[in-house]
Amino acid sequence: MQYEFAPLEGITGYIYRNAHHACFPSMDRYYTPFITPKKGKSFTTREWNDIAAEHNQNIAVVPQILTNQAEGFCKVAGMLKEQGYEEVNLNLGCPSATVTAKKKGAGFLADPDALDAFLEEIFAHSPLKISIKTRIGVENPDEFERLLDIFSQYPIQKLIVHPRVLKEFYKGNVHREAYVQAKERLSAAAADIETVGRTIPVCYNGDLFSVSDTERFLVEYPDADDLMFGRGMLIDPALVMRLRAKSADPAGKNAAKELRLENKSTVWEDAAKRVSDIRDFYGRLAEDYAAVLSGERDVLFKMKELWSWQGQLFEGSEKYLKKIRKAQKLTEYKSAVAALFADCPIKDA
33 MQYEFAPLEG
43 ITGYIYRNAH
53 HACFPSMDRY
63 YTPFITPKKG
73 KSFTTREWND
83 IAAEHNQNIA
93 VVPQILTNQA
103 EGFCKVAGML
113 KEQGYEEVNL
123 NLGCPSATVT
133 AKKKGAGFLA
143 DPDALDAFLE
153 EIFAHSPLKI
163 SIKTRIGVEN
173 PDEFERLLDI
183 FSQYPIQKLI
193 VHPRVLKEFY
203 KGNVHREAYV
213 QAKERLSAAA
223 ADIETVGRTI
233 PVCYNGDLFS
243 VSDTERFLVE
253 YPDADDLMFG
263 RGMLIDPALV
273 MRLRAKSADP
283 AGKNAAKELR
293 LENKSTVWED
303 AAKRVSDIRD
313 FYGRLAEDYA
323 AVLSGERDVL
333 FKMKELWSWQ
343 GQLFEGSEKY
353 LKKIRKAQKL
363 TEYKSAVAAL
373 FADCPIKDA
């Protein structure tokens, strides 16, 4: 089983990915925020910085493309191959109205015939292996059957399923029966694609916010292939590290036992160690953003956005988060963060 970090637009760029990998070396793969092909143009400066080989050393990264034009997809895939990438991910999951109005992301699912024609082209001409991250429809989960009929025709490297339809955005319960449906359908189709017996992994993504959430999921679906974590990792950046450590010590009998993950020691349920690791992580992020952004205001914007998620991991954090949101200088921000770390106990989840 692989544990993967979902692409989160505006958040999980190369600075975040490298800091996270250094502080919590537990993820098998990271996916980049989407790249949008542009007519007659190469990458934007932001996109180039995010995928450049020198910014992604010693870390497994899969770039993601958002488009409904096969020619643009293959052009970008070719440029990514020049940077040493072997796989690219197609975004069929973004629910943002500015994206879906252009029939991209989850909006592309509204036209299955056009999607089928698009996939036929990119699988015929892409120089890279292709994985897909998708929702299960636009209006109704019943739409997923038709989509699976389409997906099953192609040698998809991996299908990552967020089991909600477009109109649900991130609200309501996920339709986990669609995940089971995908595993069964693509397993049955695998023998007909390229190599007899080849399996098409189905990766689950959706509402895994804590170690306990993930453990319950794995009890219900013990044959799960891979798991992708998104918002849960912003709340607890050590989530997967804790999950791996707990799996190695399932009874929790050695709470002080050190577990080594890629030369980094951690105590899997020691509250003080968890806080210390998060403090180090956020300290590094602030320094690394300050090194590339134009001023304190831009750094504060980044850090405040992250704390809107991270703050959920601490008990009684609201008044401290208010001070973080109101900070106009980095000194004010750092003072508010230090007070939160000192006064707010970390949640056990």
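With the first letter of the sequence shown counted as 1, position 344 gets the number 376 in this note's numbering; the numbers rise by one all the way through.
Beta carbons are placed, not taken as given, at the ideal position from N, Cα and C, and that holds for glycine.
Reduced DSSP secondary structure (H/G/I, E/B, other) of F249: For F249, the secondary structure class from DSSP, reduced to helix, strand or coil, is helix.
Nearest-angstrom Cα separation, counted from A51 out to P39: Straight-line Cα distance between these residues: approximately 15 Å.
Cutoff 7 Å; reference I91; Cβ partners in own chain excluding five residues on either side: Around I91: R49, N50, H53 and Y62.
Cβ-Cβ distance between I154 and I162 below 8 Å: In this structure, I162 lies closer than 8 Å to I154 by Cβ.
Assigned exposure category for E119 - 16 Cβ within 10 Å defines buried: Under this definition E119 is a buried residue.
D181 CB to nearest heavy atom of the ligand SAH below 7 Å: Looking at this structure, you won't find the ligand SAH or any other ligand, since it has none at all.
Residue closest to I164, alpha-carbon to alpha-carbon, out of T99, V131, A133 and E209: Relative to the Cα of I164, the nearest Cα in the group T99, V131, A133 and E209 belongs to T99.
Cut-off 7 Å between Cβ atoms - residues of its own chain near D143, not counting five sequence neighbours on either side: Counting only Cβ-Cβ distances below 7 Å, and skipping sequence neighbours, we find K135.
Residue(s) in a DSSP beta bridge with C235: Bridge partners of C235: I192 and D258.
CB contact flag (V234, V193, <8 Å): Yes; because the gap between Cβ atoms is below 8 Å, this pair is in contact.
Collapsed DSSP secondary structure at Y186 in the structure displayed: Assigned with DSSP and collapsed to three states, Y186 falls in coil, not helix or strand.
Reference I43, options L147, K379 and I267, closest by Cα: Looking at L147, K379 and I267, the one whose alpha-carbon comes closest to that of I43 is I267.
P95 to D258 span [Cα, whole Å]: Going by the C-alpha atoms only, they are around 18 Å apart.
Run of the beta strand (DSSP E) containing N123, from where it starts to where it stops: Judged by DSSP secondary structure, N123 falls within the beta strand (DSSP E) whose first and last residues are E119 to L124.
Distance, P57 Cα to E294 Cα: Confidence at E294 is low in this model, with a pLDDT of 45, below 50, so its placement is unreliable and no value can be given for it.
Sequence-distant residues of its chain with Cβ nearer than 8 Å to Q213 (five each side left out): Leaving aside the five residues that flank Q213 on each side, the residues in its chain whose CB is nearer than 8 Å to its CB run, in chain order, F176, E177 and L180.
Whole-number beta carbon distance between A109 and P159, since they are thought to touch under 8 Å: So it is a contact: roughly 6 Å between Cβ atoms.
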